[in-house]
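Chains as they are written, first to last, in this note's numbering: chain P, 1 to 170; chain F, 171 to 273. Since the structure comes first, as structure tokens, the remarks are kept for the end.
Here you go:
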């Protein structure tokens with residue numbers, strides 16, 4: 001067992017357990033904190049996949065910015081009303097479990113029967129790492145149009161969020 | 171000797187996806203539904219990055235994962251603004267009881 005294998009299984013276990021805890025907790029704040037743990041585990045998985053830049057972005061943008069936004073909204077929304085959220089009906093829950101299990105079984109069947117590793121070409125030795133240099137070079141050469149479009153999307157999302165959240169003019 | 175293959179990553183991703191789906195379906199709090207969606211987006215990201223490494227596709231998968239993160243940030247900003255508006259209008263964020271656009 002090399003270090004990579006151990007790290008992968010530890011991180012995958014953390015990601016799985018924290019996602020289960022996130023879904024099952026009643027308090028939204030606790031769920032959000034478990035989601036942060038999940039994002040950190042995923043950042044570790046990205047590091048194992050040699051995607052250093054994605055791992056850093058995952059921590060800064062997801063675990064940092066997006067979760068802060070979520071926590072702010074959870075805290076702005078009255079938490080007393082949270083206690084009133086009763087469980088849904090039993091039949092509904094069974095239905096949801098059935099849907100989730102069905103989707104998981106379908107994907108697991110597809111993954112295990114397709115032998116994806118065999119279908120893919122052999123990994124060449126000079127696999128490019130996801131360092132900030134190589135990702136930045138790809139972003140500003142091959143992907144410059146989508147990159148600019150993403151910037152424009154972020155700008156319009158910011159303006160849209162501002163307009164939606166601000167107080168109404170009278 | 172075990173080694174971590176593409177299949178392992180895909181199974182982790184499938185697990186996260188189905189749990190995110192379960193969360194989206196069962197939770198009544200709109201913020202929790204959004205958090206389930208974030209989980210689903212992350213599971214797709216694992217797939218992108220894993221295929222990028224094991225599929226010999228260079229950096230294409232990682233760039234896609236980056237765009238997914240950008241989209242998730244934009245989506246979270248807009249969706250949370252909408253949730254705040256819902257709270258202002260209805261004084262709760264129970265997705266079962268929000269069934270009209272005005273009043």
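A virtual CB, placed ideally from N, CA and C, is assigned to each residue, including glycine.
What's the C-alpha gap between residue 218 of chain F and residue 30 of chain P?
Within the second chain, numbered from 1, the residue matching residue 218 of chain F stands at position 48. Within the first chain, numbered from 1, the residue matching residue 30 of chain P stands at position 30. Near 29 angstroms, if we compare the C-alpha coordinates of residue 30 of chain P and residue 218 of chain F.
Using a threshold of 8 angstroms, state whether the C-beta atoms of residue 251 of chain F and residue 66 of chain P are closer than that.
Taking the first residue of the second chain as position 1, residue 251 of chain F is located at position 81. Taking the first residue of the first chain as position 1, residue 66 of chain P is located at position 66. Against a cut-off of 8 angstroms, the Cβ pair of residue 66 of chain P and residue 251 of chain F comes out as no contact.
Could you pull out every residue in the same chain whose Cβ sits closer than 7 angstroms to the Cβ of residue 19 of chain P, ignoring the five residues on either side in sequence?
Within the first chain, the letter at position 19 stands for residue 19 of chain P. Excluding sequence neighbours, residue 19 of chain P sits near 38.
Taking the alpha-carbon of residue 211 of chain F as reference, which of F:253, F:237, F:260, F:196 has the nearest alpha-carbon?
Reading the second chain from its first residue, position 41 is the one you call residue 211 of chain F. The shortest Cα separation from residue 211 of chain F among F:253, F:237, F:260, F:196 belongs to F:237.
Which chain P residues sit within Cβ distance under 9 angstroms of residue 210 of chain F?
Against the second chain, residue 210 of chain F aligns to sequence position 40. Within 9 angstroms Cβ-Cβ: nothing; residue 210 of chain F doesn't reach chain P, min ~10 angstroms.
Okay, do the stretch 145 to 155 of chain P and the stretch 229 to 244 of chain F touch, 3+ Cβ pairs below 8 angstroms being the bar?
yes
Any chain F beta carbon closer than 8 angstroms to residue 17 of chain P
Your numbering for residue 17 of chain P matches position 17 in the first chain. By this cut-off, residue 17 of chain P is not an interface position.
Report the residue from P:55, P:47, P:70 whose alpha carbon sits nearest the alpha carbon of residue 207 of chain F.
Position 37 of the second chain, counting from 1, holds the residue named residue 207 of chain F. Residue 207 of chain F has its Cα closest to that of P:70, out of P:55, P:47, P:70.
With a threshold of 7 angstroms on Cβ separation, who are the neighbours of residue 176 of chain F within its own chain once the five nearest residues in sequence on each side are excluded?
Translated into the one-based positions of the second chain, residue 176 of chain F becomes position 6. Contacts found: 220, 224.
Let's see if you can read the secondary structure: which residues bound the alpha helix (DSSP H) around residue 38 of chain P?
Numbered from 1 along the first chain, position 38 holds the residue referred to as residue 38 of chain P. Start and end: 28 to 48.
What in chain A is Cβ-close to residue 229 of chain F, meaning under 7 angstroms?
Among the protein chains of the structure shown, namely P and F, there is no chain A.
Kindly confirm or deny that the stretch 247 to 267 of chain F and the stretch 191 to 200 of chain F touch, where touching means at least three C-beta pairs closer than 8 angstroms.
yes
Which whole runs of the alpha helix (DSSP H) in the stretch 49 to 74 of chain P are 4 residues long or more, in chain order?
52 to 57
Could you check which residue in P:50, P:41, P:60 has the C-alpha nearest to that of residue 228 of chain F?
If you number the second chain from 1, residue 228 of chain F lands on position 58. Checking every option, the nearest Cα to that of residue 228 of chain F belongs to P:50.
DSSP three-state assignment for residue 269 of chain F, whether helix, strand or coil
The residue labelled residue 269 of chain F in the question sits at position 99 within the second chain. Three-state DSSP puts residue 269 of chain F in coil, outside helix and strand.
State the start and end residues of the unbroken alpha helix (DSSP H) segment that holds residue 261 of chain F.
Residue numbering aside, residue 261 of chain F sits at position 91 when the second chain is read from its first letter. From DSSP, residue 261 of chain F is part of no alpha helix (DSSP H); its letter is neither H nor E.
Contacts that residue 96 of chain P makes with chain F (C-beta to C-beta distance below 7 angstroms):
Looking up residue 96 of chain P in the first chain gives position 96. The answer, in chain order, is 192, 195, 196.
Return helix, strand or coil for residue 199 of chain F, following the three-state DSSP convention.
What you label residue 199 of chain F is simply residue 29 of the second chain in a count that begins at 1. Residue 199 of chain F falls in the strand class under three-state DSSP.
Run through chain F and tell me which residues come within less than 9 angstroms of residue 99 of chain P, C-beta to C-beta.
Here the question's residue 99 of chain P lines up with position 99 in the first chain. What residue 99 of chain P touches in chain F: 188, 191, 192, 195.
Between residue 31 of chain P and chain F, is there a C-beta pair that is closer than 8 angstroms?
In the first chain, the residue the question calls residue 31 of chain P occupies position 31. So, interface residue.
Using the beta-carbon of each residue, which ones in chain F are nearer than 7 angstroms to residue 160 of chain P?
The residue labelled residue 160 of chain P in the question sits at position 160 within the first chain. In chain order: 248.
Alpha-carbon to alpha-carbon, residue 188 of chain F and residue 100 of chain P
Along the first chain, read from residue 1 onward, the residue named residue 100 of chain P stands at position 100. Along the second chain, read from residue 1 onward, the residue named residue 188 of chain F stands at position 18. For residue 100 of chain P and residue 188 of chain F, the distance between alpha carbons rounds to 5 angstroms.
Supposed contact pair residue 232 of chain F and residue 60 of chain P - C-beta distance, whole angstroms, cut 8 angstroms:
Indexing the first chain from 1 puts residue 60 of chain P at position 60. Indexing the second chain from 1 puts residue 232 of chain F at position 62. Contact doesn't hold; Cβ gap of about 16 angstroms is too wide.
Kindly indicate which three-state DSSP category residue 174 of chain F falls into: helix, strand or coil?
Taking the first residue of the second chain as position 1, residue 174 of chain F is located at position 4. DSSP places residue 174 of chain F in coil when its eight states are reduced to three.
Within the continuous alpha helix (DSSP H) that includes residue 158 of chain P, where are the two ends?
Here the question's residue 158 of chain P lines up with position 158 in the first chain. That run of the alpha helix (DSSP H) goes 144 to 165.
Do residue 172 of chain F and residue 5 of chain P have their C-beta atoms closer together than 8 angstroms?
Translated into the one-based positions of the second chain, residue 172 of chain F becomes position 2. Translated into the one-based positions of the first chain, residue 5 of chain P becomes position 5. Contact flag set, yes.
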